[in-house]
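This report concerns only the one structure given below.
Structure follows, in structure tokens:
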């Protein structure tokens, strides 16, 4: 029997949000790339919530965009409502979120993929990896075709041995009834890869015509729409938006859930996977937060050309009849018709501590992975990992240096560091509180932070890079200039300050100092600044933020300096920690398992104490001085 | 951890000697010293003096002179740590040295971690590579000692206050962070105003802790002295006598002292931290069993043991068990109840121990001066020593509370100046972490866990 045999540079398994970014990055870097999916029709599918972004996730999308990823551009083309969250809070937690037209989103992404050179899309199930002496050499499909490649990126999402469950109904399918991938897990296990089983869930989709919106609060989009992508011109995307709706559960809803809780597969033990705590099903919420007498329900459109509406806040795995019963207790949903049932989904993923911070497997060269397969959750979390895995796989094939973003550079860095370093047993979701330097990692400065890196990788154009460099210079120069523009405590000034409810000046000051006052800003002080040249809006925005939060920003920058010192102390993967005297046994064991890349990473492993870090520092110093080979 | 900020510590033994050195190392050490040192020569600043020179003057706190000192300024790189070092030679005894160190800390230095000077010396290439192992041992030993001190000597009332305050801070942070992560679910407009009285309350409680710390200290300092002996052998009476007051409950019923009493006494200049324990004896009483277990632990971690035997009763297995406990420790054996008919004499006890044996009658106050004489002799000859880590740990803890109060002030400042709520968690987080260092807890996943367990998040 003769099988198909083909050769490519890189093979990507999966065409979800991680797979798309991985494949695009590789192909755009000039590598001959093939992307596999069990269903071409499910490329960039959004099987759960119909939106992109939100708190901290919006940050991820903007960072990805600055690096040269696709998600931001794609949602700018396909959104139907846009909102900047936390606008009344500090700039670090402003977060952009857009409702997507799901079908449009998928279609646009597919169009982009299909028009990218070097990229082949193939519908087939990858069932086996081919590894030779610890190095990946390719993969086989279920039909036996062999694809020989230099690198492989696994982005299988929630499809591995997937099972969808509600009540006592259990279907061996992926999300939305799509075909699951049932064979790859065994191949991974035989390669010594440790697997986890996670669980997540989604609410029902209902028919818009069966909803009484008069009983709900309308949720509008922002009047001024801000794009995700730095390359999108805001003027081009101002458009009419579709509303979402807010309603609430009540005691009746909760009673129905309590009465039927024994029929939930979560409580009966039928579901064994670990679910996320941040995205609980409605039955979880009711049982865990018994003191709350109502929960929010957001009714969100799934797109422009469908009547399907998403019931945000009411994901569930209760039986079909209970779903009907409980949904119909919610004001406005009294006569609701379900189009698709709510369900829980279980799937195989890996223990991500088997990965390096580059997202390459520690024990298999050339094998990378990203997305929900790595134990995360969310479209955005998936996309950024897919991108990093893709870029690093490409770098590996090209023999170039791989990239690691650290915790002080990007949310992406925080996300990946958490995944590969910290003990975690539920689908990982990004949160702003996970980023210790979040004042520096704002969504508004993602371009200033990361464009240069994207340019060096080769995914950002020379033109974009130059324009960001110019922007940086303009900000710096203008702040320096503002510090030199002195203002006196004269009549004109005191009248001005009084008008703006600002305390009068006792002595002379400068413009930079005045901008720091909460009630003042760069724009309104223009009358005291005759030499001012006209600057773009985003530059002025940066000037305001940098001056207003100067004290806090500088403090975090000092913390980052200390942080970097430990990050820059690199540890070789060849160290046998059992041989280092003075380390406690637990630390020896953990360090040998994790093989951290730096003392900084080692310090974040639970079970490694500050005293162990001291020992490591001394050990490293000793090695370096003895001139031993150590990188 | 690896930090390059400026550190300070008392680098000589805090024992009996009147003179000692406070050492400051790091980039800012000379500036810090300049803030607390006033030269006898008017206007001379340490930043202007040549390296490796000695200067005479006073350590000052505002306008108060704390001590007359000699200050040695050594600039990098030719110093022990290869950093700028200032050594302040103090003359006013232990208490004054503590004040000097405290001043240095309040002016920007951080209390050195256990073994940190040695660690820096090594990392900066000052110590021979062959000594790496020794360096690790020093650091580990000091760390363990500090940890030991922290765990065993941190007063329960204080760790409880710290734990409770941290709990409250964590809850506030989790609320704010939940609202930021899920703004359509949790609202917190004007939350700063709501938070303000809570922060003031936390601050007051910490300030109270610090105030008591200055008198009573957070960790009791002194030679850890444990009184061991079977029940009703006269331990509490001895302690009461030494203290000159009725602290322990003294009865004739064996096993009355269930809790461990801890008191500080001074003999001359020597500070003794005396711990009375429940009698060590095989017992079925659960409450007493716990006391007995702790007594054994305490004996193990003590600097000095006073063991009591009843000379009016025969030596039994329990006594011999206790004698075994003191075998490897600095200890003295008191044969109490010399006022009663002697059943067990010195000669018999000598068969089981080589420690000094003194005949006393605590009840009649006979022979006790021999005990104090012996303690003085042992201390001045260096036979029993003070665990310096106790003091340093104490200082670290105090400084941590002091810093926490500072962080809470910053929270208040942020509220006053109308900063959005997400800025408040920055300094709340610092407070939480700093207080955690006292009880040996790190941030870890605490915040994320609190958010998930207390607040209902998500779609």
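Protein chains in written order, with my numbering: chain A, 119 to 749; chain B, 306 to 764. Beta carbons are placed, not taken as given, at the ideal position from N, Cα and C, and that holds for glycine.
Residues in its own chain within less than 6 Å of residue i by CB, not counting five upstream and five downstream?
{"i": "residue 733/A", "result": "700, 701"}
{"i": "residue 430/A", "result": "416, 418"}
{"i": "residue 122/A", "result": "263"}
{"i": "residue 596/A", "result": "661"}
{"i": "residue 639/B", "result": "613, 663, 665"}
{"i": "residue 440/A", "result": "378"}
{"i": "residue 444/B", "result": "420, 424"}
{"i": "residue 154/A", "result": "131, 240, 242, 244"}
{"i": "residue 735/B", "result": "712"}
{"i": "residue 559/B", "result": "The predicted position of residue 559/B is uncertain, since its pLDDT is 47 and thus under 50; no value can be drawn from it."}
{"i": "residue 739/B", "result": "705, 708, 709"}
{"i": "residue 615/A", "result": "622"}
Excluding the 5 residues flanking residue i on each side, which residues of the same chain have their C-beta closer than 8 Å to its C-beta?
{"i": "residue 473/B", "result": "503, 507"}
{"i": "residue 627/B", "result": "533, 534, 535, 585, 612"}
{"i": "residue 463/A", "result": "276, 280, 281, 282, 283, 292, 293, 317, 318, 319, 320"}
{"i": "residue 208/A", "result": "557, 667"}
{"i": "residue 658/A", "result": "640, 641"}
{"i": "residue 683/B", "result": "609, 635, 689"}
{"i": "residue 716/A", "result": "684, 685, 686, 687, 688, 689"}
Any beta carbon from chain D within less than 8 Å of residue i's own beta carbon?
{"i": "residue 636/A", "result": "Structure shown: chain D not included; protein chains present are A and B."}
Under the assumption that residue i contacts residue j (Cβ atoms under 8 Å), give the Cβ distance between them as a whole number of angstroms.
{"i": "residue 444/A", "j": "residue 389/A", "result": "The pair is not a contact, with the Cβ atoms about 19 Å apart (cut-off 8 Å)."}
{"i": "residue 169/A", "j": "residue 218/A", "result": "6 Å"}
{"i": "residue 372/B", "j": "residue 363/B", "result": "7 Å"}
{"i": "residue 383/B", "j": "residue 326/B", "result": "Contact flag wrong, Cβ pair sits at about 18 Å."}
{"i": "residue 363/A", "j": "residue 331/A", "result": "6 Å"}
{"i": "residue 130/A", "j": "residue 271/A", "result": "5 Å"}
{"i": "residue 575/B", "j": "residue 470/B", "result": "About 35 Å; that fails the 8 Å criterion."}
{"i": "residue 493/A", "j": "residue 314/A", "result": "6 Å"}
According to DSSP, which residues form a beta bridge with residue i?
{"i": "residue 362/A", "result": "337/A"}
{"i": "residue 765/A", "result": "Absent from the structure is residue 765/A, since the part of chain A shown begins at 119 and ends at 749."}
{"i": "residue 328/B", "result": "314/B, 392/B"}
{"i": "residue 258/A", "result": "246/A, 264/A"}
{"i": "residue 571/B", "result": "576/B"}
{"i": "residue 722/B", "result": "Per DSSP, none; premise fails for residue 722/B."}
{"i": "residue 605/A", "result": "627/A"}
{"i": "residue 213/A", "result": "203/A"}
{"i": "residue 272/A", "result": "131/A, 487/A"}
For residue i, which residues from the same chain have a beta carbon less than 7 Å from its beta carbon, with the 5 sequence-adjacent residues on both sides left out?
{"i": "residue 412/A", "result": "366, 367, 368"}
{"i": "residue 592/A", "result": "653, 657"}
{"i": "residue 726/A", "result": "705, 708, 709, 720"}
{"i": "residue 290/A", "result": "281, 298"}
{"i": "residue 643/B", "result": "616, 664, 665, 666, 671, 672"}
{"i": "residue 497/A", "result": "135, 164, 170"}
What I want to know is whether the C-beta of residue i ends up closer than 7 Å to one or more non-hydrogen atoms of the ligand NAD.
{"i": "residue 520/A", "result": "Inclusion of the ligand NAD in the displayed structure is not the case, the ligand content being empty and no account of it being possible."}
Length at least 3, wholly inside the region 150-197 of chain A: the beta strand (DSSP E) runs in chain order:
151-155, 169-171
In chain order, each alpha helix (DSSP H) run of at least 4 residues that lies wholly inside the region 603-690 of chain B:
622-630, 651-655, 673-685
In the region 284-344 of chain A, which residue ranges form an unbroken beta strand (DSSP E) of at least 3 residues, counting only runs that do not cross its ends?
287-289, 313-320, 323-325, 335-337
If the cut-off is 9 Å on Cβ atoms, which residues from the region 444-457 of chain A count as contacting chain B, listed in chain order?
none
Residues of the region 691-703 of chain A in Cβ contact with chain B at a cutoff of 8 Å, in chain order, please.
699, 700
If you measure beta-carbon to beta-carbon, which residues of the region 637-649 of chain A are closer than 7 Å to chain B?
none
With 8 Å as the C-beta to C-beta threshold (strictly closer), list the residues of the region 712-738 of chain A near chain B in chain order.
717, 721, 724, 728, 729, 731, 732, 733, 735, 736, 737
Taking a Cβ distance cut-off of 7 Å, strictly less, list which residues of the region 334-363 of chain A are near chain B, in chain order.
none
4 or more residues per run - each alpha helix (DSSP H) lying fully within the region 344-430 of chain B
399-411, 421-428
Quick one: which unbroken alpha helix (DSSP H) runs of 4-plus residues sit fully inside the region 396-459 of chain A? Chain order, please.
If we require 4 residues or more, the alpha helix (DSSP H) runs fully inside the region 396-459 of chain A come out as 400-406, 438-445.
Whole beta strand (DSSP E) elements within the region 479-533 of chain A, 3-residue minimum
485-487
Interface residues of the region 200-211 of chain A facing chain B [CB-CB below 8 Å]
203, 204, 206, 207, 208, 210, 211
Taking a cut of 7 Å between CB atoms, which residues from the region 378-404 of chain A lie near chain B?
395, 396, 397, 398, 403
Between the region 576-610 of chain A and chain B, which residues of the former have a C-beta closer than 9 Å to a C-beta of the latter?
none
Quick one: which residues of the region 410-429 of chain A get their C-beta closer than 8 Å to a C-beta of chain B? List them in chain order.
Near chain B, meaning a CB-to-CB distance below 8 Å, the residues of the region 410-429 of chain A are 410, 413, 414, 416.
Under 7 Å (Cβ pairs) to chain B, residues found in the region 653-682 of chain A:
670, 680
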